[in-house]
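Novice:
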Amino acid sequence: MKLEKILATVWDYFLMTVGSVIFVMAWTSFLIPNGLASGGLTGLCTILQYGTGIPVGWTYPALNVILLLLGFLVLGKGFGFKTIYVIAFTSILFEVLPKFPALEVLMDEKLLVVLVGSVMESVGIGIVLLRGGSTGGLDIIAMIINKFWPISVGRVYLCLDIFIISTLLLVPEKGLVDMIYAYLMMVAFSFGIDFVLLGDKSTVQILVFSEKYKEVADYIINDMRRGVTALESVGWYSQKESKVLMIVARKNQMQEIVSGVKSIDKKAFISVSSAMSVYGEGFEDVKDGLKKIKKDK
């Protein structure tokens, strides 16, 4: 059991290392060489570099100290140690990687830089967050808010980044166009980080209208291991009473459920819609910071 725990910890740190490299290369290989910025603490450090000449490798670790202490207090020591490692490692990378010009990719098409940069950054940070760490900065704020309230990490980034990006207008030789590219980067990253973090947790609500609802319900429960709710229904045209089956499942199970229903009843009518938040057994825990705070008091 102890060996398994050690191997799990090593695996966590290995993945955080890979994620950190991807994250830093998004900036040092694509965004900064092409004069672009974005949101987050790294974006703020980049804007400071454009305006003052102070390297990101200096401001990034310095500005992380206060937020790191906050992470210790709210998210626990395990979070803090992993984050210290990631911050230290990424700070070194921000200092070392720019010394290798061969790693810089210069592009005339800024939108392509935005696309590549946002994908790399969201994948890198997503890997780190999934292993319980953080690259610091707004990651810590986002994780604290997401711990107590059902607000997506991407939305937190979206709100906090608006002010940071707007400071580009204060930097000489930067203007409205640069700010627009930064906002595009921000939006792309927001969607990307949600996709990475919530991809396999996305849920759908499926409604099944079938005369063979008993067979379909048994299939869902016994074969798919998902719950089913049978709702009383009346077909208004036929005035025939029946039952509508409501199933809430992971998005990656949708195709299998639909195929299974069609194999039982080819005439079945199926409606599928996205479920933004699902709480309860088999899904997510209810996050209510207000109740928690009240209980602690």
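Sequential numbering from 1 applies to the sequence shown in the numbering used here.
The beta-carbon is built from N, C-alpha and C at its ideal position, and this holds for glycine as well.
Keep in mind the model is a prediction, meaning the values are calculated, not measured.
1) Going by DSSP, name the residue or residues bridged to K240.
2) Rounded to whole angstroms, what is the Cα-Cα separation between D161 and A37?
3) Whether or not the segment 204 to 211 and the segment 258 to 275 are in contact is what I'm after, with contact meaning three or more pairs of Cβ atoms, one per stretch, closer than 8 Å; do they touch?
4) Within its chain, find whatever has a CB closer than 8 Å to the CB of I127; leave out the 5 residues flanking it on each side and keep chain order.
5) What's the gap between the Cα of V216 and the Cα of G117?
6) At which residues does the alpha helix (DSSP H) containing F14 begin and terminate?
7) Bridge partners of V246, per DSSP?
8) Check S38 in the structure and name its three-state DSSP category.
9) According to DSSP, simplified to helix, strand and coil, what is S273?
10) Do you know offhand how far C159's Cα is from M179's?
11) In chain order, what are the residue ranges of uninterrupted alpha helix (DSSP H) at least 4 long that sit wholly in the segment 175 to 202?
12) How should W27 be labelled, buried or exposed, when 16 other C-beta atoms within 10 angstroms of its C-beta is the threshold for buried?
13) Touch check for the segment 94 to 105 and the segment 129 to 147: three-plus C-beta pairs under 8 Å?
14) State the Cα-Cα distance for the pair L7 and V171, rounded to the nearest angstrom.
15) K82 and G40 - do their beta-carbons sit closer together than 8 Å?
Specialist: Let me spell this out:
1) For the purposes of this step, residue 240 is taken as residue 240 along the sequence shown, with counting starting at 1. Beta-bridge pairing links K240 to G235.
2) One-based indexing of the sequence shown puts residue 161 at position 161. One-based indexing of the sequence shown puts residue 37 at position 37. Looking at the two C-alpha atoms, the distance is approximately 11 Å.
3) yes
4) As a working mapping, residue 127 is identified with position 127 in the sequence shown. Taken in chain order, the residues that qualify are L15, M16, V18, G19, I22 and V196.
5) Counted from its first residue, the sequence shown places residue 216 at position 216. Counted from its first residue, the sequence shown places residue 117 at position 117. Using only the alpha carbons, I get a separation of about 45 Å.
6) As a working mapping, residue 14 is identified with position 14 in the sequence shown. It spans K2 to M25 - the alpha helix (DSSP H) in which F14 sits, taken as one unbroken run.
7) As a first step, residue 246 must be located in the sequence shown, where it is residue number 246. At residue 246 the sequence reads Met, which differs from the Val that was named. Answer by DSSP bridge pairing, in chain order: L207 and T229.
8) For the purposes of this step, residue 38 is identified with residue 38 of the sequence shown, where counting begins at 1. Coil.
9) Residue mapping note: residue 273 aligns to position 273 of the sequence shown, counting from 1. Looking at S273 - three-state DSSP - the assignment turns out to be strand.
10) Here residue 159 refers to the residue found at position 159 of the sequence shown. Here residue 179 refers to the residue found at position 179 of the sequence shown. Approximately 15 Å between the Cα atoms of the pair.
11) 176 to 198
12) One-based indexing of the sequence shown puts residue 27 at position 27. Flag for W27 reads buried.
13) no
14) Residue mapping note: residue 7 aligns to position 7 of the sequence shown, counting from 1. Residue mapping note: residue 171 aligns to position 171 of the sequence shown, counting from 1. Spanning the two alpha carbons is a distance of roughly 47 Å.
15) Mapped onto the sequence shown, residue 40 falls at position 40. Mapped onto the sequence shown, residue 82 falls at position 82. For G40 and K82, no; Cβs fall outside 8 Å.
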